[in-house]
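Comments concern the structure below.
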């Protein structure tokens, strides 16, 4: 029997081609790992009929339909909820960094998985991709068509342009009127003070914020050895660097940079996860579910 | 700023090479994408700033190294007053400039001098020593530098006066300036008249100190024959300190070493004893820097025994030359009645003692005899002097009438510096000698002894001498005096020594009829100049040529002479700023490499 949890491993997922399939595998793999999931939602608003499948609860069989058609149908309802999920995907040039899997690819899988998770939960989910400005914005929708548009948007996202995270977040904050779950997926390579200010502005508008900082391990460890010409993926600027000379202080400064985000976001009671491109997705999904439960 | 070798300045273009290598290396450097250099720059601003600065500094060091290297090779000269002048440059190439590296310094200074003037200045360049007169022509800077390089150190001495006379200035286009480059020895400035209104500069090359051998000569050849003989070695110490050292004498397998101490500022005479068979060799003073002065070549060509023919009646002369059988004298004496009966070619000296006259044949024979080298004839005038004899003697003296003084005559004037009288210098021995009969002589050449009656007694020429009397008791009482024998001996030797004992110096012309072979096989013909010291040989004879001793005195001209002559010292460094910057540039280039290495380590 195949182990669905293996699909939580980004490296395995990278071999698959269809984004929707990836998202489904991730989420189902994640959910099947949970015992007694409390997140099975019910609603009074009718949505659709579907044929009875072994394992469905008997009490969900629509006996009236059975009386008329002599077939077992299960009556499905739209979940009644106020949750609207907004996935903010950073597709700036710096997100294109990565060896086997770029940060953006990882972020795209993550975004698709989160979108699918919310969609599975019958939550409305939308997405905004951005670099220096908002490139695509899909308003939240709980319908399959909406989900498919999200996947399409995620799929076509390519790394480009420079980061202007703080400004973009401010713009998005202006656009989102209703309270919801805002999931920011970015490397957060911008001025921390301005970024944090923008993130906090969501908080002020009563949104639940979830910040996923996606990084490549090499950005943390700087494991390069030979002198090389490093070029900026955003600006294409070149700089000769002797890694041995700067590694220790680079690591120290990077740790301070991350710690600064962690500390200040915790202070603001904002969930913050640092995800390296080899980190399994369950950590991210679990954080997402926790946030969702708070809103329900 | 001027450059002696400006061609090397093209090499400055190579300073771009490190930049090109740097850029090429950068192009070849692996390009690594990174998410955000901004973050790298922000987090590592200080360190990256230093690394970038370090990289630039290393590159700058390398560029500067290449640049300074070629800058140095171009021989930059700082400063300079850029005067336009017609410059008469005299480079001292006398042998005293052989002290240490003085001559090399002089040439270098002269080359620097040429760039101290404006590019269109004109130059005349000559060496101080042994420059033959030639065409006078002005040179441009490059030609002058080439001429300076071609001037060689010589073993000659030189006189500024002579050089200026041989190379008189012609048509200077600009104000004339004389520049002498050398150690400024006094002897080089002898008889020089002030050169005003022209300026006269002296680029002073440090004057060394010196000590060396001035002369090596037999102490006294007129002595009994023996297995060895004393040789006087005269040394001069120009140092301002007492100088211990040693003399060496080398002649074939013979070697002698003798310690001696040279007194300050004076001549020291040392005696070394050489075996009789050692007649030529080399005396060496050990421990001095002016090499030519340390060596003295000697070749004593004087015969050890003179073969003497006495023509005339046997008398006191024969006895003077052979006092006894036991006592060996440096003479081999034969007597004869007449010249005709003897083969006179086998004799060195002929004494005609009271011969009344010469036949035509005798005259011819004597003439032939005197044309040979190292031959001499000495006449003692007796009671009669015939016409042929008088005529023969007119070469050196006119013979008048015989004189019979009332009583006797004594010597009035004696040339005590003459070899014959040298032992009697400072004594009254010769003053007591009485002369009873003598001839009225009147010298044509030189009289070395005159009588108080006003008559010449002893007249000498190149290889002839005439005594106005005979050395017999009826003529003089000299024959009974102790001075008689040494006087006769020395008189006879004095006629031969000037010819056979002649000393040759570098710069002298050869008077030898045969071609001589000198050091390194160089052949010298008649009237050719000896260019270097050493032995010059022909079949039967070797002559020694040495350098002029006075050049060894490295005493520079004094302040007074400089004032009189209007000579101003020219300090190129002071006058032209920093002078030659080559070394400075080279040191800076080395410094660049050092800094680069340090930066690579940091």
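Protein chains in written order, with my numbering: chain D, 1 to 296; chain H, 1001 to 1602.
Ideal Cβ positions, reconstructed from N, Cα and C, are used throughout, including at glycine.
Bear in mind that the values here come from a model prediction, so they are computed numbers and not experimental data.
Checklist line | In DSSP terms, what residue 1535 of chain H is bridged to | finding: As a first step, residue 1535 of chain H must be located in the second chain, where it is residue number 535. Residue 1535 of chain H is bridged to H:1544.
Next item on the list: Just confirm the distance between the C-beta atoms of residue 227 of chain D and residue 242 of chain D, as a whole number of angstroms; I'd bet it's less than 8 Å.
Entry: Numbered from its first residue, the first chain carries residue 227 of chain D at position 227. Numbered from its first residue, the first chain carries residue 242 of chain D at position 242. With a contact defined as Cβ atoms closer than 8 Å, residue 227 of chain D and residue 242 of chain D qualify at about 5 Å.
Next item on the list: Can you give me the Cβ contacts of residue 1368 of chain H inside the same chain, cut-off strictly under 7 Å, excluding the 5 residues immediately before and after it?
Entry: The residue you call residue 1368 of chain H lines up with position 368 of the second chain. Result list for residue 1368 of chain H: empty, nothing under 7 Å.
Notebook entry, point to check: Which stretch, first to last residue, makes up the alpha helix (DSSP H) that contains residue 113 of chain D?
Noted result: If you number the first chain from 1, residue 113 of chain D lands on position 113. According to the DSSP assignment, residue 113 of chain D belongs to the alpha helix (DSSP H) that extends over 103 to 120.
Next item on the list: Counting only the same chain and skipping the five closest in sequence on each side, list residues whose C-beta sits under 7 Å from that of residue 187 of chain D.
Entry: One-based indexing of the first chain puts residue 187 of chain D at position 187. Excluding positions up to five away in sequence, the list reads 90, 94, 95, 103, 213, 214 and 215.
Check: Buried or exposed: which applies to residue 1455 of chain H, given that a residue is buried once 16 or more other Cβ atoms fall within 10 Å of its Cβ?
Finding: Counting from one through the second chain, the residue named residue 1455 of chain H turns up at place 455. Here residue 1455 of chain H is buried. Its C-beta has 16 or more other C-beta atoms within 10 Å.
Checklist line | Separation of residue 127 of chain D from residue 149 of chain D, as counted between CA atoms | finding: In the first chain, counting from the first residue as 1, residue 149 of chain D sits at position 149. In the first chain, counting from the first residue as 1, residue 127 of chain D sits at position 127. For residue 149 of chain D and residue 127 of chain D, the distance between alpha carbons rounds to 9 Å.
Note to self: Which residues of the region 144 to 174 of chain D have a Cβ closer than 7 Å to any Cβ of chain H? Give them in chain order.
What the structure shows: With the criterion set as a beta carbon lying under 7 Å from some beta carbon of chain H, the region 144 to 174 of chain D has no members that meet it.
Next item on the list: Note down, in chain order, all residues in the region 228 to 239 of chain D with a beta-carbon under 9 Å from any beta-carbon belonging to chain H.
Entry: Within the region 228 to 239 of chain D, contact with chain H at the beta-carbon level (separation under 9 Å) is assigned to 228, 229, 230, 231, 232, 233, 234, 235, 237, 238 and 239.
Checklist line | Contact under 7 Å by Cβ, residue 1647 of chain H with residue 1093 of chain H | finding: This structure cannot settle anything about residue 1647 of chain H, because the visible part of chain H is limited to 1001 through 1602.
Item checked: Residue-chain proximity (residue 1029 of chain H, chain D), Cβ-Cβ < 7 Å -> The residue labelled residue 1029 of chain H in the question sits at position 29 within the second chain. Yes, contact with chain D.
Margin query: Give me the DSSP bridge partner(s) of residue 1237 of chain H.
Written below: Here residue 1237 of chain H is taken as the residue at index 237 of the second chain, counted from 1. Its beta-bridge partners are H:1211.
Check: Which first and last residues belong to the beta strand (DSSP E) in which residue 1275 of chain H is found?
Finding: Taking the first residue of the second chain as 1, we reach residue 1275 of chain H at position 275. For residue 1275 of chain H, the enclosing beta strand (DSSP E) has its first and last residue at 1267 to 1275.
Notebook entry, point to check: Cα-Cα, which of H:1421, H:1239, H:1231 and H:1505 is closest to residue 1271 of chain H?
Noted result: For the purposes of this step, residue 1271 of chain H is taken as the residue at position 271 of the second chain. Residue H:1231 is the option with its Cα nearest to residue 1271 of chain H.
Note to self: Within a Cβ cutoff of 7 Å, which residues of the same chain sit near residue 39 of chain D, ignoring the five residues on either side of it in sequence?
What the structure shows: Stepping through the first chain from its first residue, residue 39 of chain D is reached at position 39. Caution is warranted here: a pLDDT of 39 is assigned to residue 39 of chain D, below 50, making its placement in the model unreliable, and the coordinate value is therefore given only provisionally. Once the five neighbours on either side are set aside, the close Cβ partners of residue 39 of chain D are 121 and 289.
Checklist line | Complete alpha helix (DSSP H) runs within the region 135 to 193 of chain D (minimum length 4 residues, chain order) | finding: Taking 4 residues as the minimum length, the alpha helix (DSSP H) runs contained wholly in the region 135 to 193 of chain D are 144 to 156 and 165 to 175, in order along the chain.
Next item on the list: Return the residue from the list H:1415, H:1428, H:1427 and H:1475 that minimises the CA-CA distance to residue 1437 of chain H.
Entry: For this step, residue 1437 of chain H is matched to residue 437 along the second chain. In terms of CA proximity to residue 1437 of chain H, H:1475 leads the group H:1415, H:1428, H:1427 and H:1475.
Next item on the list: Could you check what DSSP says for residue 1022 of chain H in three-state terms: helix, strand or coil?
Entry: To locate residue 1022 of chain H, count along the second chain from 1; it is residue 22. Three-state result, residue 1022 of chain H: helix.
Check: When you compare each of H:1370, H:1219 and H:1184 to residue 1203 of chain H by their alpha carbons, which one comes out closest?
Finding: For the purposes of this step, residue 1203 of chain H is identified with residue 203 of the second chain, where counting begins at 1. The shortest Cα separation from residue 1203 of chain H among H:1370, H:1219 and H:1184 belongs to H:1184.
Notebook entry, point to check: Since residue 1077 of chain H and residue 1028 of chain H are thought to touch, with beta carbons under 8 Å apart, how far apart are those beta carbons, to the nearest angstrom?
Noted result: Working through the second chain from its first residue, we reach residue 1077 of chain H at position 77. Working through the second chain from its first residue, we reach residue 1028 of chain H at position 28. Approximately 42 Å separates the beta-carbon atoms of residue 1077 of chain H and residue 1028 of chain H; this is outside 8 Å, ruling out the contact.
Note to self: Strictly below 9 Å CB to CB, what residues from chain D border residue 1019 of chain H?
What the structure shows: On the second chain, residue 1019 of chain H is found 19 positions in, with the first residue counted as 1. Neighbours of residue 1019 of chain H on chain D: none; closest Cβ ~14 Å, over 9 Å.
Checklist line | Limits of the alpha helix (DSSP H) - the one that residue 1033 of chain H falls within | finding: Here residue 1033 of chain H corresponds to residue number 33 of the second chain, with the count starting at 1. Not the alpha helix (DSSP H): residue 1033 of chain H falls in the beta strand (DSSP E), residues 1031 to 1034.
Notebook entry, point to check: So what does DSSP say about residue 1017 of chain H, is it helix, strand or coil?
Noted result: Looking up residue 1017 of chain H in the second chain gives position 17. DSSP, reduced to helix, strand and coil, places residue 1017 of chain H within a helical segment of the structure shown.
Next item on the list: Identify every residue that forms a DSSP beta bridge with residue 1260 of chain H.
Entry: What you label residue 1260 of chain H is simply residue 260 of the second chain in a count that begins at 1. The partner list for residue 1260 of chain H (beta bridge, DSSP) reads H:1245.
Next item on the list: To the nearest angstrom, report how far apart residue 1576 of chain H and residue 1285 of chain H are at their CA atoms.
Entry: Taking the second chain and counting its residues from 1, one reaches residue 1576 of chain H at position 576. Taking the second chain and counting its residues from 1, one reaches residue 1285 of chain H at position 285. Confidence in residue 1576 of chain H is poor, its pLDDT being 46 and thus under 50, which makes the residue's placement too unreliable to answer from.
Item checked: Cβ-based burial, residue 43 of chain D [other Cβ within 10 Å; buried from 16] -> Walking along the first chain from the start, residue 43 of chain D turns up at place 43. Low confidence applies to residue 43 of chain D: its pLDDT is 47, below 50, so where it sits in the model is not reliable, and the reading given next is rough at best. Counting the other CB atoms within 10 Å of its CB gives residue 43 of chain D a total below 16, which places it among the exposed residues.
Item checked: Beta-carbon spacing of residue 1136 of chain H, residue 1166 of chain H below 7 Å -> Along the second chain, one-based indexing puts residue 1136 of chain H at 136. Along the second chain, one-based indexing puts residue 1166 of chain H at 166. Between residue 1136 of chain H and residue 1166 of chain H, the C-beta spacing is not below 7 Å.
Next item on the list: Compare the C-beta of residue 1123 of chain H against all C-beta atoms of chain D and say whether one is closer than 7 Å.
Entry: Locating residue 1123 of chain H in the second chain gives position 123, where the first residue counts as 1. Residue 1123 of chain H does not count as touching chain D.
Check: Is the Cβ of residue 37 of chain D closer than 7 Å to any Cβ of chain H?
Finding: Numbered from 1 along the first chain, position 37 holds the residue referred to as residue 37 of chain D. In this prediction, residue 37 of chain D has a pLDDT of 37, which is less than 50 and means its spatial position is unreliable; nothing more can be read from the coordinates.
Note to self: Counting only Cβ-Cβ distances shorter than 8 Å, please list the residues of the region 201 to 230 of chain D near chain H, keeping chain order.
What the structure shows: Residues of the region 201 to 230 of chain D with a C-beta atom less than 8 Å from some C-beta of chain H are 216, 219, 224, 226, 227, 228, 229 and 230, listed in chain order.
Checklist line | Status (buried if at least 16 other CB within 10 Å, exposed otherwise) for residue 1021 of chain H | finding: Locating residue 1021 of chain H in the second chain gives position 21, counting from the first residue. In the assembly as shown, residue 1021 of chain H is an exposed residue. Its beta-carbon has fewer than 16 other beta-carbons within 10 Å.
Checklist line | Residue environment, residue 34 of chain D, which counts as buried when at least 16 other CB atoms sit within 10 Å | finding: In the first chain, residue 34 of chain D corresponds to position 34, counting from 1. Here residue 34 of chain D scores only 49 on pLDDT, less than 50, and its place in the model is too uncertain to base an answer on.
Note to self: Is it the case that the region 1149 to 1169 of chain H contacts the region 1088 to 1106 of chain H, given that we only count it when at least three CB pairs across the two stretches are under 8 Å?
What the structure shows: Yes: the two stretches touch, three or more of their Cβ pairs being nearer than 8 Å.
Check: Should the region 1310 to 1322 of chain H be called in touch with the region 1349 to 1357 of chain H, which here means at least 3 C-beta pairs below 8 Å?
Finding: Judged by Cβ distances under 8 Å, the region 1310 to 1322 of chain H makes contact with the region 1349 to 1357 of chain H, as three or more pairs qualify.
Item checked: Selected residue, minimal CA-CA separation from residue 1255 of chain H, among H:1545, H:1282 and H:1472 -> As a working mapping, residue 1255 of chain H is identified with position 255 in the second chain. Closest by alpha carbon: H:1282.
Margin query: When you compare the CB of residue 1037 of chain H with every CB in chain D, is at least one pair closer than 7 Å?
Written below: Along the second chain, read from residue 1 onward, the residue named residue 1037 of chain H stands at position 37. Chain D, which has a Cβ nearer than 7 Å to the Cβ of residue 1037 of chain H, makes this yes.
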